[in-house]
Amino acid sequence: MNTAKRFGLVLTLALVLATGFGCAKKQVAATPEGTSAPMATEDDAARRAQLEALARAQQIITDAKVYFDFDKFDLKAESKEVLKQKADVLKKFPSIRVLVEGHCDERGTQEYNLALGERRARAAYEYLVMSGVNAGQLEMISYGEERPAVEGHTEAAWSKNRRGEFKIIK
Numbered sequence: 002m003n004t005a006k007r008f009g010l011v012l013t014l015a016l017v018l019a020t021g022f023g024c025a026k027k028q029v030a031a032t033p034e035g036t037s038a039p040m041a042t043e044d045d046a047a048r049r050a051q052l053e054a055l056a057r058a059q060q061i062i063t064d065a066k067v068y069f070d071f072d073k074f075d076l077k078a079e080s081k082e083v084l085k086q087k088a089d090v091l092k093k094f095p096s097i098r099v100l101v102e103g104h105c106d107e108r109g110t111q112e113y114n115l116a117l118g119e120r121r122a123r124a125a126y127e128y129l130v131m132s133g134v135n136a137g138q139l140e141m142i143s144y145g146e147e148r149p150a151v152e153g154h155t156e157a158a159w160s161k162n163r164r165g166e167f168k169i170i171k
């Protein structure tokens, strides 16, 4: 074979090899239609369920208050039930932090009511800690008579103001 024919044959063979093998496309494994969407949907549903559970937990923490008798800071049986529910939630959601507030009615001096409000907040705080809540999740404050829930000078109004409230700390 002469050189020109040999060169043409080699060139043709090189072109065939280059186009047939040199630029082969990657084989991508085809994912069946709809397989990634359910996973994303499942992740979204799980995330949504977690957020709903957290919202319910926060509602349990903030909704129910504990009430005290006049000039007292000991916890009533119904207050202990409320605190037990809050403790269960706080143990389940250790990322939730709560401010325990102590409040009083308007009777008594400002100093006395601040001290009584602190004893009320401490009673609720200690009950939660004794129920297994991490003390690091809790803070306390007394507002004394400064933040009444109900305005008025009757026993009905005063009884609503002698309370412990619970706020989520952001």
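So in our numbering, spot 101 of the sequence shown is number 102, and the numbers just go up one at a time. We treat Cβ as the ideally placed atom computed from N, Cα and C, and that holds for glycine.
Can you tell me where the alpha helix (DSSP H) holding lysine 161 begins and where it ends?
156–162
Please state the DSSP three-state secondary structure of glutamate 112.
helix
For isoleucine 142, which beta-bridge partners are listed by DSSP?
Looking at the DSSP assignment, isoleucine 142 forms a beta bridge with Glu102.
On a CA-only basis, which of Lys93, Arg164, Tyr113, Glu43 is nearest arginine 148? Give me that one, please.
Arg164
Straight-line CA distance for alanine 88 to threonine 110?
32 Å
Just verifying my parser: in three-state terms, what is the DSSP assignment at glycine 218?
The structure shown does not extend to residue 218, since the chain spans only 2 to 171, so no value can be given for it.
Can you give me the C-alpha to C-alpha distance between lysine 161 and aspartate 44, rounded to a whole angstrom?
The alpha-carbon atoms of lysine 161 and aspartate 44 are separated by roughly 44 Å.
Would you call aspartate 72 buried or exposed, if buried means 16 or more other Cβ atoms sit within 10 Å of its Cβ?
exposed
Kindly indicate which three-state DSSP category isoleucine 170 falls into: helix, strand or coil?
Isoleucine 170 falls in the strand class under three-state DSSP.
What did DSSP end up calling valine 67 once you bin it into helix, strand or coil?
strand
With a CB to CB cut of under 6 Å and the five nearest residues on each side skipped, what residues in its chain are close to glutamate 146?
Within the same chain, glutamate 146 has close Cβ partners Cys105, Glu107, Asn114.
Arginine 121, buried or exposed, once every other Cβ within 10 Å from all chains shown has been counted against 16:
buried
Between the beta-carbon of alanine 124 and the beta-carbon of leucine 76, is there less than 8 Å?
Going by C-beta atoms, alanine 124 is nearer than 8 Å to leucine 76.
Could you tell me whether the Cβ of threonine 63 comes closer than 8 Å to any Cβ of chain C?
Judged by its chain identifiers, the structure shown contains no chain C, having just a single protein chain.
Taking just the CA atoms, how far does alanine 157 sit from alanine 97?
Correcting the residue identity first, residue 97 is isoleucine in this sequence and not alanine. Looking at the two C-alpha atoms, the distance is approximately 33 Å.
Just reading off the alpha helix (DSSP H) that glutamate 82 is part of, what are its end residues?
78–93
Option nearest glutamate 166 by Cα separation, candidates Ile142, Pro95, Thr42, Asp70
Selected option, being the one with the closest Cα: Ile142.
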